[in-house]
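A.B. asks: Residue numbers (our numbering), protein chains in the order written: chain A, 506 to 658; chain B, 506 to 658. Cβ atoms here follow ideal geometry from the backbone N, Cα and C, with glycine treated the same way. Since we're looking at a predicted model, the values are computed, not measured. Structure in structure tokens, see below.
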DNA sequence: TATTGTTATACTCTATAACTATA
DNA sequence: TATAGTTATAGAGTATAACAATA
């Protein structure tokens, strides 16, 4: 088998695995495993909560750009998280049109719990890998995904 | 840094990348890049087309199980693919209740084109990797995804 | 004139319920 | 009695349009 053939076969295998991961049923399963029991957070509000944690206090428009959702959807999901006590709204001091979304202490705790659970799920999925293999995979995974979702530059 | 710390940091990195990949906007971008110009196939009918190619001629119920969608949804998407000339329905000879879904020659060609395009997208995302690195990643990716979407056994 | 937050509206996907036919 | 295919219905998310307020 030539080098090109090996590359090609591996690319096909990656394509198949990617297909598996993106399959709706499998995505749902993953979200369910992660979010089970966390009231107020579901597969739709989770990206808002998680994005806000990543971005820090910010406006709905900024957050919407960050997570790739429309402003109108973001503000509605934010309302649900607010009703669950996980974030607050306050007027911006620098721009009177804007509202600043910010996690509550309870929201921060929830994000930390979810991060921890996802972390554990991932470690459980690589039970017998040496640390070096996990590290190498993490690096390769990051590079390939970044190139896939944002080709060019 | 201890081995546990390195594992932990790598797991967090994997979690972050996974989050990026599953983010709706990025999934949509990927589907758009893959399906652009392929009339009759969109992000909803694609799993049906692709699943049928994987499974071979089969009933809507079998196909629904395979791709994790409800029968009623599967049959409706199949109708769209049928209207686009990519699959046919014929009565099963062994079970008079069942209808067999089967790709048309045009459907087979379409699947092959889409596979080829995804294959190219992936190779383009690992431009300077040696074949061994691609192969190793493919193997690790498959294992981790299988463990994530179907823990236990 | 453009942007922010929000609400109203329309569109689409998905699942549950229900119907018919067959096992 | 259970299962296959299908259609009707309802529930939910998303985006476009439109509103008032501010830049």
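Per DSSP, which residues does residue 605/A bridge with? Please list them.
C.D. replies: Looking at the DSSP assignment, residue 605/A forms a beta bridge with 564/A, 595/A.
A.B. asks: For the alpha helix (DSSP H) containing residue 529/B, name the first residue and the last one.
C.D. replies: Start and end: 529-540.
A.B. asks: I'd like to know if residue 546/B contacts chain A, where contact means its C-beta is closer than 8 Å to some C-beta of that chain.
C.D. replies: Not an interface residue.
A.B. asks: Drop a sphere of 10 angstroms on the beta-carbon of residue 610/A, count the other beta-carbons inside from all chains shown, and report buried for 16 or more, exposed for fewer.
C.D. replies: Classification of residue 610/A: exposed, given that the 10 Å Cβ count is below 16.
A.B. asks: Mapping DSSP to helix, strand and coil, what is residue 630/B?
C.D. replies: Three-state result, residue 630/B: coil.
A.B. asks: For chain A, is any of its Cβ atoms less than 8 Å away from the one on residue 512/B?
C.D. replies: Chain A contact via Cβ: present.
A.B. asks: Excluding sequence positions up to five away, which residues of its chain have a Cβ less than 6 Å from the Cβ of residue 626/B?
C.D. replies: Excluding residues within five positions, none has a Cβ falling inside 6 Å.
A.B. asks: For residue 576/B, report the span of its alpha helix (DSSP H) as first-last.
C.D. replies: 576-588 is the extent of the alpha helix (DSSP H) around residue 576/B.
A.B. asks: Would you identify the three-state DSSP class for residue 486/A, choosing helix, strand or coil?
C.D. replies: For chain A, the structure presents residues 506 to 658; residue 486/A sits outside this window and is missing.
A.B. asks: So what does DSSP say about residue 600/B, is it helix, strand or coil?
C.D. replies: Coil at residue 600/B, not helix or strand.
A.B. asks: Using a Cβ cut-off of 9 Å, which residues of the region 517-542 of chain B contact any Cβ in chain A, in chain order?
C.D. replies: Those would be 517, 518, 519, 520, 521, 522, 523, 524, 525, 526, 527, 528, 529, 530, 531, 532, 533, 534, 535, 536, 538, in chain order.
A.B. asks: What residues of chain A sit near residue 647/B, judged by a beta carbon separation below 7 Å?
C.D. replies: 518, 522, listed in chain order.
A.B. asks: Quick check on this structure: which residue in 620/A, 562/A, 574/A has the alpha carbon closest to the alpha carbon of residue 594/A?
C.D. replies: Selected option, being the one with the closest Cα: 562/A.
A.B. asks: Taking 8 Å as the CB-CB limit, is residue 658/B close to chain A?
C.D. replies: Confidence is the limiting factor: at residue 658/B the pLDDT is only 42, short of 50, which leaves the residue's position unreliable, though a coordinate-based value still follows. Chain A contact via Cβ: absent.
A.B. asks: Looking only at its chain, what residues have a beta carbon closer than 6 Å to the beta carbon of residue 552/A, apart from the 5 residues adjacent to it on each side?
C.D. replies: Around residue 552/A: 572.
A.B. asks: Where residue 525/A and residue 598/A are concerned, what is the direct C-alpha to C-alpha distance, given to the nearest angstrom?
C.D. replies: Roughly 46 Å separates the two Cα atoms.
A.B. asks: If we count the other Cβ atoms within 10 Å of its Cβ and call it buried at 16 or more, is residue 507/A buried or exposed?
C.D. replies: Classification of residue 507/A: exposed, given that the 10 Å Cβ count is below 16.
A.B. asks: Quick one: does residue 580/A have its CB under 8 Å from some CB of chain B?
C.D. replies: Taking Cβ atoms only, chain B never reaches closer than 8 Å to residue 580/A, which makes this a no.
A.B. asks: Taking just the CA atoms, how far does residue 532/B sit from residue 520/A?
C.D. replies: Near 14 Å, if we compare the C-alpha coordinates of residue 532/B and residue 520/A.
A.B. asks: Anyone know if the C-beta pair for residue 515/B and residue 639/A falls short of 8 Å?
C.D. replies: Taking 8 Å as the Cβ cut-off, residue 515/B and residue 639/A qualify as a contacting pair.
A.B. asks: Are at least three pairs of beta-carbons, each pair with one atom in the region 533-548 of chain A and one in the region 616-635 of chain A, less than 8 Å apart?
C.D. replies: Yes, the region 533-548 of chain A is in contact with the region 616-635 of chain A.
A.B. asks: Please tell me whether residue 575/B and residue 569/B are closer than 8 Å, where the distance is taken between their beta carbons.
C.D. replies: Yes, Cβ-Cβ distance for residue 575/B and residue 569/B is below 8 Å.
A.B. asks: Going by the beta-carbon positions, is the gap between residue 606/B and residue 564/B smaller than 8 Å?
C.D. replies: Yes, Cβ-Cβ distance for residue 606/B and residue 564/B is below 8 Å.
A.B. asks: Could you tell me whether any Cβ in chain A is nearer than 8 Å to the Cβ of residue 550/B?
C.D. replies: No - not a single Cβ of chain A is within 8 Å of the one on residue 550/B.
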